[in-house]
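Everything below concerns the one structure shown next.
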Amino acid sequence: MPELPEVETIKLGLHRTILNQKITKIDILLPKMFSGDPTVVTNATISDIKRRGKMLIIDVTKDSYLYHLLIHLKMTGQLIFESQTKPGFGGGHPVPPLNTPLPNKSTKIIMEFESEDKLYFNDLRTFGYIKLVPARQLHENTFLQQIGIEPLTPEFTLETFAKLLEKRPKANIKAFLLDQTHIAGLGNIYTDESVFRAGILPWRIVSSLSEQEILLLHGSIKDVLQAGIELQGASQTSYIGVDGKKGTFLAQAAVYGRANLPCLNCGQPIQKTKWAGRGTHYCSNCQK
DNA sequence: TGCCCCCTGCAG
DNA sequence: CTGCAGGGGGCA
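Count the first sequence with this note's numbering and you get residues 1 to 288, in order.
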């Protein structure tokens with residue numbers, strides 16, 4: 001699923017399309033994917049769109065009360081905007097790269113706006129969700145409670161990163177980076193890319209990292225995520241933006257999805273194995 | 001900290 | 001047909 005750069009791209013897309021729009025209707029086609037009182041959403045207005053790690057937070061205001069729509073896309077969630085009037089957003093026509101009009105088989109929740117624009121929440125594997133919570137109950141959300149630092153903020157300094165690592169000296173670096181309670185937003189793709197760029201093998205034990213390696217890794221995490229955002233995300237299988245377009249980060253990826261292909265740095269074949277429960281790509285020559 | 005699980009579809 | 005896929009919750 002979408003990792004930080006994909007969710008950030010969607011957030012920016014939603015800013016351009018649904019901010020300040022009034023919701024007139026919500027259709028929940030798969031009840032398990034929505035929790036909370038859906039009647040609250042009707043006639044509410046989108047007042048802000050934010051991101052925390054891989055979680056999207058859409059503020060909706062109704063009768064001067066504030067609520068949050070917590071949206072997690074998990075592995076295959078998509079948010080696709082469709083407009084009859086705004087150019088470049090479908091309008092009853094198939095949105096590339098989809099080859100069927102919306103709604104399609106994966107569509108699970110549909111939001112309609114006063115403008116007659118629509119937002120489709122598609123999710124093939126149905127792991128994603130929308131949770132509606134009143135503002136005063138936001139702090140009760142355990143996922144948001146436990147989530148770690150935002151890696152693209154000024155607070156994510158080298159010193160902060162080093163201190164986080166000190167708290168889990170025995171973990172391997174891949175599992176550490178995937179753990180959302182330490183750093184928010186890294187997933188399988190950007191983790192593999194980050195450790196590659198830093199020249200570190202994914203199963204290295206945290207306490208074995210040198211100061212120089214920590215410095216390199218800190219920089220590569222930020223660089224990789226920033227590149228992901230600039231290229232509008234990584235479209236391995238199902239990720240698309242609000243405009244229906246794929247991201248192009250994977251064309252630039254050094255290891256992810258490149259098993260058996262020559263390393264861009266040294267030419268040796270990229271290896272793929274399983275680590276921390278996930279497919280893990282690396283170069284046994286460039287990473288130590 | 002490491003598995004199994006939630007699902008569906010597609011590559012090998 | 002089996003295994004695998006951008007996640008993460010729940011369970012030893």
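All C-beta atoms, glycine included, are put in the ideal place defined by N, C-alpha and C.
Close CB contacts of Arg258 within its chain, under the 6 Å cut and outside five residues either way in sequence, are with Ile270 (chain order).
Between Val195 and Ala254, the alpha-carbon positions lie close to 11 Å from each other.
Contact between the segment 17–29 and the segment 154–167 is absent: fewer than 3 CB-CB pairs across the two stretches fall below 8 Å.
With a beta-carbon spacing of about 31 Å, Glu150 and Lys118 fall beyond the 8 Å limit used to define contacts. DSSP places Asp123 inside the beta strand (DSSP E), whose first and last residues are 118–123.
In the DSSP assignment, Ser35 is bridged to Lys131. Going by DSSP, Gly279 is part of the beta strand (DSSP E) stretching over 278–282.
Shown here, Tyr67 sits in a strand according to DSSP, grouped into three states. One alpha carbon belongs to Gln252, the other to Gly128, and they sit about 27 Å apart.
Shown here for Ser235: same chain residues with a beta carbon closer than 6 Å to its own, the five before and five after excluded, namely Lys246, Gly247 in chain order. Measuring C-alpha to C-alpha distances from Arg51 to each of Glu8, Lys25, Arg278, Thr61 identifies Glu8 as the nearest. Going by DSSP, Glu112 is part of the beta strand (DSSP E) stretching over 107–113. Beta-bridge partners assigned by DSSP to Gly77: Asp123. Contact fails between the segment 209–218 and the segment 179–191, because fewer than three Cβ pairs, one in each stretch, are under 8 Å apart. Distance from the Cα of Asp223 is smallest, within the candidate group Lys174, Leu261, Thr153, for Thr153.
In the three-state reduction of the DSSP assignment, Arg52 falls in the strand class. Segment contact: the segment 69–80 against the segment 40–57, three or more CB-CB distances shorter than 8 Å; contact assigned.
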